[in-house]
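Per full-length UniProt numbering, the very first residue in the sequence shown carries number 1; after that it's consecutive.
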Amino acid sequence: MADARVATILPAMAPGTIRNFNYHPDAMIKNSLRECVLRPTLHAYGRTQTVVTLGHIALTPLVIVKHRFNKAELDARDTTWKQVFLPPGYSAHQPEAITSVKAFIRELLKYEKSMMAKLLLVGLKARGRGSTHDPVPRLDVMIVGVSRPNSIHSVIIEGTDPPTSLPQLLRTMSPKHELQPPDELRSTITSTQRIRFGYLRVQMVIQRQQTSEENGVHSIWEVIDRDLESLRRKSADWKVVFARLVLSLDAQLFDGINTARDVRAFEVRMPSDKEVATELFARAQAPEVNNETPTTHVQEEIF
């Protein structure tokens with residue numbers, strides 16, 4: 001797919017060729033999708049209907065981005081914008097043009113989710129960046145990125161910065177963050193973002209360890225969508241405790257010392273209902289203290 005750094009006026013196309021429209025100026029849709037998949041409050045990443053009731057899911061990338069292409073939004077745009085960013089016939093609501101845009105959004109969403117998965121698993125994939133002797137980045141490092149030492153020896157003994165750094169999530173996928181210094185960006189990460197990205201990384205590690213029989217032959221994102229649907233039925237207090245346990249698990253697995261080989265030796269699983277209930281009971285018996293983790297006060301809905 002062509003780069004869309006410079007938009008050009010597209011030539012008129014004959015009827016019947018709309019479905020073959022070549023989306024040169026795809027930057028707007030791509031950036032919209034990236035902004036969506038990075039949202040820490042999404043209810044799903046691919047599904048548009050719930051599994052149990054077939055109810056509509058509003059907080060999912062396909063629905064959010066398609067909504068931005070609704071009639072009211074498009075009617076407010078000028079003619080030049082429509083020529084640049086839309087296939088012929090879309091602003092006139094021709095069915096083939098509308099279908100072509102929807103198909104393109106679906107196709108691009110698969111690519112963006114794949115990129116996000118690679119960034120979440122940086123340092124963990126056998127053929128990914130870094131070696132099996134390098135520590136897997138801690139959560140904040142994975143999210144915003146810092147220069148990474150060539151070995152754990154240089155962290156503990158030398159304390160030097162390496163000549164290169166691993167790719168990371170926000171500065172790779174978010175245009176508004178790509179030029180922001182890591183230290184500055186780290187201070188803006190919300191508790192909800194840490195929870196969601198930590199949850200996604202742990203989920204992906206679990207799915208990579210399972211066989212197709214164990215996960216029901218579902219894709220990683222389908223497993224995540226189904227689990228998020230289940231989590232939404234839990235109470236707010238349950239979700240907060242579950243989130244704390246997930247972050248604790250992420251911190252244990254990816255402590256800045258463990259390598260991909262070390263992580264593969266662990267049997268990773270999500271916190272169980274029993275573990276959450278035990279933690280809820282323990283917290284009910286003792287008041288919270290001031291040195292709680294950043295997830296003590298979560299401003300947005302989680303899961």
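Where a beta carbon is used, it is the ideal one built from N, C-alpha and C, also for glycine.
> In this structure, does DSSP put THR278 in helix, strand or coil?
Replying inline: Secondary structure at THR278: helix, using DSSP grouped into helix, strand and coil.
> In three-state terms, what does DSSP make of HIS93?
Replying inline: coil
>> Let me check one thing: in DSSP terms, what residues is THR259 bridge-paired to?
In response: PRO135
>> As an exercise, report each continuous alpha helix (DSSP H) stretch of at least 4 residues that is fully enclosed by the stretch 171-204, in chain order.
In response: 182-186
> Does DSSP put HIS67 in a helix, in a strand, or in coil?
Replying inline: helix
>> I'd like the ranges of any alpha helix (DSSP H) spanning at least 4 consecutive residues and lying wholly in the stretch 205-248.
In response: 220-231
> Exposed or buried, what is GLY55 when buried is set at 16 or more other beta-carbons lying within 10 Å of its beta-carbon?
Replying inline: exposed
>> Please state the DSSP three-state secondary structure of ALA7.
In response: Unreliable positioning characterises ALA7 in this predicted model, as indicated by a pLDDT of 39, which lies under 50. A coordinate reading is not provided.
> Is it true that the CB of TYR45 sits closer than 9 Å to the CB of ASP225?
Replying inline: yes
>> Which same chain residues end up closer than 8 Å to GLN203 when comparing Cβ atoms and leaving out the 5 residues on each side of it in sequence?
In response: Closer than 8 Å at the Cβ level, and outside the excluded window around GLN203, lie ILE220, VAL223, ILE224, ASP227 and MET270.
> Near LEU33, what residues of its chain come up, given a Cβ to Cβ distance below 8 Å and the 5 sequence neighbours on each side ignored?
Replying inline: PRO61, VAL65, ILE105, LEU108, LEU109 and GLU112
>> If contacts are defined as beta-carbon pairs under 8 Å, then ALA243 and ILE302 qualify, I think. What distance do you get, rounded to the angstrom?
In response: 5 Å
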